[in-house]
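Colleague: Sharing a structure below in structure tokens format, with a few things to ask.
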Amino acid sequence: MTSFWLGAIVLGTGLSLLRLARANPGATSPPPGGIRAASSSALPAPNPLRNAYFGDLHVHTSYSLDAYAMGNRNDPRVAYRYGRGESVLLPGGVRSQLRVPLDFMAVTDHDIWLGEISLCQDPTDPAYNTGVCRDLRWSNQDYDTSRTLFTGLISSYFDISPARHNTEICGDVPPGGRNKCVERARSIWQQIQRNADEFYQPGLFTTFAGFEWTAGFKRVGMLHRNVIFRGGHLPDSVLSAVELNNTPERLWEWLERDCTGDCQVMSIPHNTNWGWGRDFATENTDGTPFTAEGLKRRVRTEPLVEIHQVKGNSECSTGLGTDDEQCNFEQLFKPCKADDEVFCARAADYVRNALKTGLTLEEQYGVNPFKYGFIGSTDTHSAAPGSSDESNWPGAHSLWDNTAESRLDRELAANIPTKEIAFNPGGLAAVWAEANTRESIFDALKRRESFATSGTRIRVRFFAGWNYAADLDRHADAIQQAYSEGVPMGGDLPARETSGNPRFLIWAVKDPSSASLQKVQVIKGWAEGGKTFERVYDVACSDGLTPDGKTHRCPDNGAKVNLLDCSYSSNKGAAELSSVWSDPDFNPSDRAFYYVRVLENPTCRWSTYDAHRLGMKLPDSVPSTIQERAWSSPIWYTPRTQ
Amino acid sequence: MSVSSNIEADVKMLDVPIGGADHEPRQLAVVTGWRGSSTPRPGVAWIKTALREPLVHFLLAGAALLALSSVFGNTAGTTQNRIEVSAAEIDRLRELWTRQWGRAPDSKQLDNLVADYVREEIYYREARASGLDKDDTIVRRRLVEKMEFLSQEIASAEPTDAELEQYFAANRVKYTIPAEAGFTHIYFSTSRRGAAAFDDARNALSRLNSSALDAAESTKLAATLGDSFMLQSEYPPQTRDQIKDLFGDEFAAKVLDLEPGSWAGPIQSSYGWHLVRVTEHLPERQPALRDVRNQVAIDYKNQRLQSSSDNYYARLRQRYKVEIDQKALAAAKAAAPQPGAAQPAKGADDGGTPPDLD
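Residue numbers (our numbering), protein chains in the order written: chain A, 1 to 642; chain B, 1001 to 1358.
Next up, the structure:
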């Protein structure tokens, strides 16, 4: 007994040790204009016409083994502080602060190795003194150390394709069995939930508990999903990709089995551009054919896909199932050549093609497994959620890209044929929701009333109905009518009662802090006779221009960027663009989807800003300018069964 | 020795020697964390039960004394333990590093290696002095199990009202609620009206402010003026930052300066021109603690965590006299590359599993 209580006292000492090792809260300061404190304890009344809220649902902190090994010691609390607008010291001592605080966010640390990384920092555990843990703890020394460590150590000690537990840290693991690491991950999962609860400020800042389910295959092929919980009583522990055999079908089964009652959850795939053709395959992950039941479960659990983030865009790629000239945007990989298997792009990796495939699968199985709404996010590994500003990007990989020099110069890794310079600051997730609360924002995500941006705060509305007035956008109560007589983005057109074509209300306003809008486009995909097609229509042009009747394209509005100082034309483009558009090629017997893409005037890419910082020549391997953009979730049309 | 029946009294004994200069006691925070926790968890139930046992009171009091003597008996300046970092040790550290990284450590890394060695040695000795190394499997396992749990419990333990009040009083300015304005507006789109938007807005304003109209007529007229707007036409009270995010900075500044009640403008936003009527103006004000309690608790806990990380090692370190063979270290540094000198690291980028997880 005496030794027990002596132990308890020692425990206090050890606790501080543990804090030393685990928590690096980072020096923080309040956001500009004071804490966004609620003016009273009452929430603002919900807005039935819904507000746009911006967030980031893909964020890594020191709880993720890769981020930790890149030298990140900022934990989820620091990430929340950053997301809500505080000035924070990022890895390597870089001070950074968001221009506009986020409205909502989730920390999504990797499920695999949550236990390992914690045990490695726990001086009371024998694992603490293993070579692998000592090495890991050295990873915040400097870039060279971190990089050497990562490449050498991770490859020797941590398998990721597919992932396994590390036996040196966890002990031997019976297949599917629980071990020390699984047990530790369970308590970390409790901590993750407490962090999310602690920072939730209804009406001002919404946080979700979540994690990244990290199933991998062949050379960093990604079947990854961010799992986001609405709240309520969450499962006691995380069943990681290791426990679920790297099989997404098992993830959906588990979530449906263990997240019940007041628990609600969704899984959001991302980086389908790293899917090596597998993410939108037309069979199950284990090669067995789809079943209607399995697909129903999938579509219940996966309403959204993340189409833009640091490691590239996944909407579409020019030449792969499309000749859309705007699909050549932040592409990470080149199209596969004959024998290429990995680190190259296939038509099947892109969301637009998946949406098309979904239409034919629906004919076959009675359910469309690729009925995806859109979000963007960052996938920051520097615990810097929402850091998507091209002019002020702090990097996304901790010590690896926290300086302008490193972002412009470094190889990612010798065996991944891409460089840091091909990355981008990532995007944002946005929703139309009644209030800034967990319930309201989660429900908006679930019904796909969401849109993605490439990082700026363009706001876009998109509705469809059969009876909209041709000048609906001029009506003072346009939004109210659009809701009452049609469906918003993410929805299904109601059954066709009339002989007319569907009408779409499309409305976009610029980010007050970014360039004006150049044009708004509708992307239509449809299935006809077992084949799929797509067409891009410019539906609203800026500067008094009108789309060409044949090509459906707006003439160039002549907006320019001065590459010497990144200033851009202030007299070109529109503050807002709207249209009530009717599909001129509508065929009531074809399944179809429609989504909106809004394009800003060109502005400097982040790499141009960085080159200016260093007084360097502009890099020629990447474009000097980009067109920031927003993508609405699609609206689907399904013919009545004959 | 008398056995106290009040745990907190025992704990407060710790205040005296630890509190000293400018920091609240760490160990006290641990114990009050258990008792002050507002959400009892099944895992700490055993502690709470145990705390009511007289035998436990006895043991705890003894342990507290023991802890006092072992942790604070040796104050800085009296007998210090000795840690030597010899030439041989420096050599060994350098060689280990070189073997691992395929290059010699630079002088900055050498400093880090030595500091880390000292720190590790101190912790190791402390742990041994505290009996952590005794092979008492049950205790050990139990400690390991509870350790993680308790650390989280304490990190998230609710601070007491007194602690929060004190922190809040010292940091009031941080919680100032900026001025807010609720407003309704009529929009004149430059995209639709071009340069005429401004004149249209000005003309509309003079109609609205015509003395011939009563309030009801004015409201009725307002509904017929201007262009449809994609966002809201009425906003509940918003801070300047919030208005700025929607309409731009200039607009936000002007709206906050308006007198409530009457139509004003035209004011330019990022989208066009607006006539604005402020419906409610809330001046900058100090919230009561209860209105920002959650916020204050987060900040207070963060500060507590930070200062404990900062000070804990420093305090332990004070109790050791560290002797580094400066000559050997200087010699090793002289032969070392300068910090930051670019050297390709052996073993980097030579295959294996690609690093990026997602």
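Glycine is no exception: its CB is placed at the ideal position from the N, C-alpha and C atoms.
1) Pull up the CB-CB distance for residue 85(A) and residue 98(A), whole angstroms please, since I reckon it's below 8 Å.
2) Should the stretch 318-336 of chain A be regarded as contacting the stretch 250-261 of chain A, the criterion being three or more beta carbon pairs within less than 8 Å?
3) Could you pull out every residue in the same chain whose Cβ sits closer than 6 Å to the Cβ of residue 636(A), ignoring the five residues on either side in sequence?
4) Going by DSSP, name the residue or residues bridged to residue 1239(B).
5) For the alpha helix (DSSP H) containing residue 1216(B), list its first residue and its last residue.
6) Which residue wins for smallest C-alpha separation from residue 581(A), given the options 59(A), 522(A) and 529(A)?
7) Looking at the secondary structure, which residues open and close the beta strand (DSSP E) in which residue 1082(B) lies?
8) Label residue 337(A) either buried or exposed according to how many other C-beta atoms from any shown protein chain fall within 10 Å of its C-beta, with 16 as the threshold for buried.
9) Give me the Cα-Cα distance between residue 79(A) and residue 195(A), rounded to the nearest whole angstrom.
10) If you run the structure through DSSP and keep just helix, strand and coil, what is residue 256(A)?
11) Rounding to the nearest angstrom, what Cα-Cα distance links residue 1300(B) and residue 1210(B) in this structure?
12) Can you tell which of 348(A), 282(A) and 558(A) has its C-alpha closest to the C-alpha of residue 368(A)?
13) How should residue 212(A) be labelled, buried or exposed, when 16 other C-beta atoms within 10 angstroms of its C-beta is the threshold for buried?
14) Check the Cβ of residue 45(A) against every Cβ in chain B and list those closer than 8 Å, keeping chain order.
15) Within 8 Å, do at least three Cβ pairs link the stretch 1253-1260 of chain B to the stretch 1201-1210 of chain B?
16) Let me make sure I understand the geometry here. Which of 506(A), 451(A) and 439(A) has the alpha-carbon closest to that of residue 468(A)?
17) Opposite residue 264(A) in the DSSP bridges: which residues?
18) Residue 639(A) to residue 527(A), Cα distance in whole Å?
19) Could you tell me the distance, in whole angstroms, from the CA atom of residue 631(A) to the CA atom of residue 1213(B)?
20) Against residue 1272(B), what residues of chain A qualify as contacts under a CB-to-CB distance less than 9 Å, listed in chain order?
21) With a threshold of 8 Å between beta-carbons, can residue 199(A) be considered close to chain B, or not?
22) Using 8 Å as the cut-off, can you tell me whether the stretch 444-452 of chain A makes contact with the stretch 463-479 of chain A, which would need three or more C-beta pairs spanning the two stretches below that distance?
23) Checking 8 Å against the spacing of the C-beta atoms, do residue 353(A) and residue 314(A) come in under that value?
24) Go ahead and label residue 487(A) buried or exposed: buried means 16 or more other beta carbons lie within 10 angstroms of its beta carbon, across all protein chains shown.
25) Do you know whose CA, among 602(A), 600(A) and 624(A), lies nearest residue 609(A)'s CA?
26) If the cut is a Cβ gap below 8 Å, which residues of chain B does residue 510(A) touch?
27) Out of 614(A), 589(A) and 508(A), point me to the one whose CA is closest to residue 579(A)'s CA.
28) Using the beta-carbon of each residue, which ones in chain A are nearer than 9 Å to residue 954(B)?
29) Would residue 587(A) be called buried (16 or more neighbouring beta carbons within 10 Å of its own) or exposed?
30) Does residue 381(A) come out as helix, strand or coil in the three-state DSSP assignment?
31) Between which two residues does the alpha helix (DSSP H) holding residue 56(A) run?
32) Where does residue 568(A) sit, in a helix, a strand or coil, going by DSSP?
33) Beta carbons nearer than 8 Å to chain B: which residues of the stretch 607-620 of chain A have them?
34) Look at the alpha carbon of residue 1197(B) and the alpha carbon of residue 1188(B), and state the distance between them as a whole number of angstroms.
35) Report, in whole angstroms, the separation of the C-beta atoms of residue 388(A) and residue 427(A), which I expect to be a contact under 8 Å.
36) Assuming residue 292(A) and residue 366(A) form a contact by the criterion Cβ under 8 Å, report the distance between their Cβ atoms to the nearest whole angstrom.
Modeller: Per the coordinate set shown:
1) By one-based count along the first sequence, residue 85(A) stands at place 85. By one-based count along the first sequence, residue 98(A) stands at place 98. Sure, about 6 Å apart at Cβ, within 8 Å.
2) No contact exists between the stretch 318-336 of chain A and the stretch 250-261 of chain A.
3) As a position in the first sequence, residue 636(A) is number 636, starting the count at 1. Closer than 6 Å at the Cβ level, and outside the excluded window around residue 636(A), lie 492 and 593.
4) For the purposes of this step, residue 1239(B) is taken as the residue at position 239 of the second sequence. DSSP output for residue 1239(B) lists 1180(B) as bridge partner(s).
5) As a working mapping, residue 1216(B) is identified with position 216 in the second sequence. Counting along the chain, the alpha helix (DSSP H) containing residue 1216(B) begins and ends at 1215-1222.
6) Start at 1 with the first residue of the first sequence, and residue 581(A) comes out as number 581. The shortest Cα separation from residue 581(A) among 59(A), 522(A) and 529(A) belongs to 522(A).
7) Translated into the one-based positions of the second sequence, residue 1082(B) becomes position 82. From DSSP, the beta strand (DSSP E) with residue 1082(B) extends over 1081-1085.
8) As a position in the first sequence, residue 337(A) is number 337, starting the count at 1. Around the Cβ of residue 337(A), a 10 Å sphere holds fewer than 16 other Cβ atoms; the residue is exposed.
9) Indexing the first sequence from 1 puts residue 79(A) at position 79. Indexing the first sequence from 1 puts residue 195(A) at position 195. Their Cα atoms are separated by approximately 10 Å.
10) Here residue 256(A) refers to the residue found at position 256 when the first sequence is read from its first residue. Three-state result, residue 256(A): helix.
11) Position 300 of the second sequence, counted from the start, is the residue given in the question as residue 1300(B). Position 210 of the second sequence, counted from the start, is the residue given in the question as residue 1210(B). Their Cα atoms are separated by approximately 55 Å.
12) In the first sequence, residue 368(A) corresponds to position 368, counting from 1. Comparing Cα-Cα distances from residue 368(A) to each of 348(A), 282(A) and 558(A), the minimum goes to 282(A).
13) Along the first sequence, read from residue 1 onward, the residue named residue 212(A) stands at position 212. Looking at its Cβ environment, which holds 16 or more other Cβ atoms inside 10 Å, residue 212(A) is buried.
14) Locating residue 45(A) in the first sequence gives position 45, counting from the first residue. What residue 45(A) touches in chain B: 1236.
15) no
16) For the purposes of this step, residue 468(A) is taken as residue 468 along the first sequence, with counting starting at 1. Nearest C-alpha to residue 468(A): 506(A).
17) To locate residue 264(A), count along the first sequence from 1; it is residue 264. Paired residues: 231(A).
18) Mapped onto the first sequence, residue 639(A) falls at position 639. Mapped onto the first sequence, residue 527(A) falls at position 527. Between residue 639(A) and residue 527(A), the C-alpha separation is close to 11 Å.
19) Within the first sequence, residue 631(A) is the residue found at index 631, counting from 1. Within the second sequence, residue 1213(B) is the residue found at index 213, counting from 1. Distance between the alpha carbons of residue 631(A) and residue 1213(B) is about 46 Å.
20) Walking along the second sequence from the start, residue 1272(B) turns up at place 272. Correct list: 575 and 576.
21) For this step, residue 199(A) is matched to residue 199 along the first sequence. Chain B, which has a Cβ nearer than 8 Å to the Cβ of residue 199(A), makes this yes.
22) no
23) The residue you call residue 353(A) lines up with position 353 of the first sequence. The residue you call residue 314(A) lines up with position 314 of the first sequence. Taking 8 Å as the Cβ cut-off, residue 353(A) and residue 314(A) do not qualify as a contacting pair.
24) On the first sequence, residue 487(A) is found 487 positions in, with the first residue counted as 1. Buried: at least 16 other Cβ atoms inside 10 Å.
25) Sequence index remark: in the first sequence, residue 609(A) carries index 609 (1-based). Ranking 602(A), 600(A) and 624(A) by Cα distance to residue 609(A) puts 624(A) first.
26) Taking the first sequence and counting its residues from 1, the one referred to as residue 510(A) is at position 510. Within chain B, 1270 and 1271 have C-beta atoms less than 8 Å from the C-beta of residue 510(A), given in sequence order.
27) The residue you call residue 579(A) lines up with position 579 of the first sequence. It is 508(A) whose Cα lies nearest to the Cα of residue 579(A).
28) Here chain B covers residues 1001 to 1358 and nothing more, so residue 954(B) does not appear.
29) One-based indexing of the first sequence puts residue 587(A) at position 587. So residue 587(A) counts as exposed.
30) By one-based count along the first sequence, residue 381(A) stands at place 381. It is coil, neither helix nor strand.
31) The residue given as residue 56(A) occupies position 56 in the first sequence. Note, residue 56(A): premise wrong, no alpha helix (DSSP H); beta strand (DSSP E) at 51-56.
32) By 1-based counting over the first sequence, the position of residue 568(A) is 568. Looking at residue 568(A) - three-state DSSP - the assignment turns out to be strand.
33) Against chain B - using a Cβ distance shorter than 8 Å - the stretch 607-620 of chain A contributes no residues.
34) By 1-based counting over the second sequence, the position of residue 1197(B) is 197. By 1-based counting over the second sequence, the position of residue 1188(B) is 188. So the two alpha carbons sit approximately 5 Å from each other.
35) As a working note, residue 388(A) is residue 388 in the first sequence. As a working note, residue 427(A) is residue 427 in the first sequence. 6 Å between Cβ atoms; contact.
36) As a working mapping, residue 292(A) is identified with position 292 in the first sequence. As a working mapping, residue 366(A) is identified with position 366 in the first sequence. Going by Cβ atoms, the distance from residue 292(A) to residue 366(A) rounds to 6 Å, so yes, they are a contact pair.
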